[in-house]
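Counting from 365, one number per residue, gives the positions in the sequence shown under the working numbering. Backbone N, C-alpha and C define an ideal beta-carbon position, used for all residues, glycine too. First up is the structure itself, then whatever we jot down about it.
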Amino acid sequence: MDCKQKISAFIKAEAKRLGFCACGLAKAQPVSIEAQRMLRESLDKDYCADMDYLRNYFEIRTNPQLLVDGAQTVVSVALNYYPEKKLDDSQLQFAYYAYGKDYHDVMKEKLRHLLESVAKYLDEQTDDIRAELLGDASEFSGRAFCDTAPILEKYWAQQSGIGWIGKHTQVVIPFFGSYVFLGELVINLECSADEPLKERCGKCQRCLNACPTKALKENRMLDARKCLSYLTIENREDIPEEASEAMQSCVYGCDRCIKACPWNRFASPTREEGLMPNEAFMNMTPADWENLDVETYRKIFKGSAVKRAKFEGLQRNIKCVLDNLKRKKQ
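In structure tokens form, the structure reads like this:
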């Protein structure tokens, strides 16, 4: 192996050691014309609802070279969050990703360690190897990202060969599934890149058929204005009646499209301790949720992504679900 292949192999091995379930590398360059077109179309059709931050930084979002000076490589990683223990059918439901601690914190810590490991690896190389990896750069530079910066994470996951974007708009990891969080390093080292992965959805329509509000479009787009995840998390207004009824027993988010995906039969429980649910959350009854107060909310969801919905938003969602359950009993 040459030095570019060796550092790529090192990064993948280190990612595995840190607990990531997949890691791949792609050349940092502007995204494809088709990816730019799809992003522009999604924005023009207001599929982003009132998440106006998605309209910002179009040029940066479509070119990782603008995120890091001299960027040469995008490292894409995935972290499994599929829970071993799940809420039972008698309880109010939450999307699986919300069971544990805030994934941003868990991912960023691991990505920070990965970035530090790359820097240390480079320091241990000879001057000639460092010069070849750095190219025109005088020193190592890189940044870590996880759902908080203008970068097309799913696009880069596919370009780096770790998965493809399914018809449910989530990344599917071959023979693993799509219960994963994504993260990236953008670095100024010239590494050996992986081949992009071709999609393997074929003619399957299960996710499209499973979406209760028809938020998923045929062209791998999602209309957030109809999506239960958006409506129960980001949305600060009342939930439309039709969508409220479609929530059924799920208070926060929605997993129906990915639960319907045949590739998720390969999902295995996460070993990441930080993503495992706390006992108080798992033991909550419908009556407990109905009587939820701010103090209990703060205790149960300390350091959790659920706080994204705010206490008032969660109360709104709980009322919708309890109304659904009452109607079901009638």
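Fill in: Touching by the beta-carbon criterion (3+ pairs, under 8 Å), the segment 620 to 627 and the segment 558 to 575
yes
Discussion item. So, for residue 675: in the same chain, excluding its five sequence neighbours on each side, which residues have a beta-carbon less than 7 Å away from its beta-carbon?
Written reply: 658, 661
Worksheet entry | Residues bridged to residue 470 [DSSP beta-bridge criterion] | Beta-bridge pairing links residue 470 to no other residue.
Fill in: N- and C-terminal bounds of the beta strand (DSSP E) containing residue 442
437 to 444
Fill in: DSSP three-state assignment for residue 643, whether helix, strand or coil
helix
Worksheet item: Bridge partners of residue 653, per DSSP?
Response: In DSSP, residue 653 forms no bridge with anything.
Worksheet entry | Backbone CA spacing between residue 442 and residue 385 [nearest angstrom] | 6 Å
Worksheet item: Span of the beta strand (DSSP E) holding residue 614?
Response: 614 to 616
Fill in: Nearest-angstrom Cβ-Cβ length linking residue 479 and residue 549, presumed shorter than 8 Å
6 Å
Worksheet item: Buried or exposed: which applies to residue 397, given that a residue is buried once 16 or more other Cβ atoms fall within 10 Å of its Cβ?
Response: exposed
Fill in: Residues near residue 663 in its chain [Cβ-Cβ closer than 8 Å; skip 5 each side]
644
Item to complete: Mark residue 554 as exposed unless 16 or more other C-beta atoms lie within 10 angstroms of its C-beta, in which case mark it buried.
Response: buried
Worksheet item: With a CB to CB cut of under 8 Å and the five nearest residues on each side skipped, what residues in its chain are close to residue 680?
Response: 602, 603
Worksheet item: If you drop the 5 nearest sequence neighbours on each side, which residues of the same chain put their C-beta closer than 8 Å to that of residue 459?
Response: 593, 614, 616, 617, 618, 619
Practice prompt. Quick one: give me the first and last residue of the alpha helix (DSSP H) that residue 377 is part of.
Written response: 367 to 381
Worksheet item: CB-CB under 7 Å to residue 609, same chain, minus the five flanking residues each way: which ones, in chain order?
Response: 688
Fill in: Complete alpha helix (DSSP H) runs within the segment 467 to 551 (minimum length 4 residues, chain order)
467 to 487, 491 to 498, 517 to 523
Discussion item. So, for residue 515: in the same chain, excluding its five sequence neighbours on each side, which residues have a beta-carbon less than 7 Å away from its beta-carbon?
Written reply: 425, 428, 431, 509, 548
Item to complete: Confirm, please, whether the CB-CB distance from residue 382 to residue 477 is below 8 Å.
Response: yes
Worksheet entry | Local conformation of residue 386 per DSSP, three classes | strand
Fill in: Alpha-carbon to alpha-carbon, residue 585 and residue 531
8 Å
Practice prompt. Please work out which residues of its chain come closer than 6 Å, Cβ to Cβ, to residue 406, disregarding the five sequence neighbours upstream and downstream, and give them in chain order.
Written response: 585
Discussion item. Which residue wins for smallest C-alpha separation from residue 390, given the options 524, 641, 552?
Written reply: 524
Worksheet item: Does the beta-carbon distance from residue 677 to residue 465 come in below 8 Å?
Response: no
Discussion item. Can you tell me where the alpha helix (DSSP H) holding residue 460 begins and where it ends?
Written reply: Careful: residue 460 lies outside any alpha helix (DSSP H) and carries neither H nor E.
Discussion item. Report the CB separation of residue 653 from residue 456 in whole angstroms; it is logged as a contact under 8 Å.
Written reply: 5 Å
Practice prompt. Identify the continuous alpha helix (DSSP H) that holds residue 677 and give its terminal residues.
Written response: 674 to 693
Fill in: Burial state of residue 488 (16 or more Cβ within 10 Å)
exposed
Fill in: Straight-line gap, residue 522 to residue 470 (C-alpha atoms, nearest Å)
22 Å
Practice prompt. Provide the residue(s) that pair with residue 450 in DSSP beta bridges, ordered along the chain.
Written response: None; residue 450 has no bridge partner.
Worksheet item: Would a C-beta distance cut-off of 8 Å place residue 552 and residue 501 closer than the cut-off?
Response: yes
Worksheet item: Going by the CB atoms, is the gap between residue 445 and residue 543 shorter than 8 Å?
Response: yes
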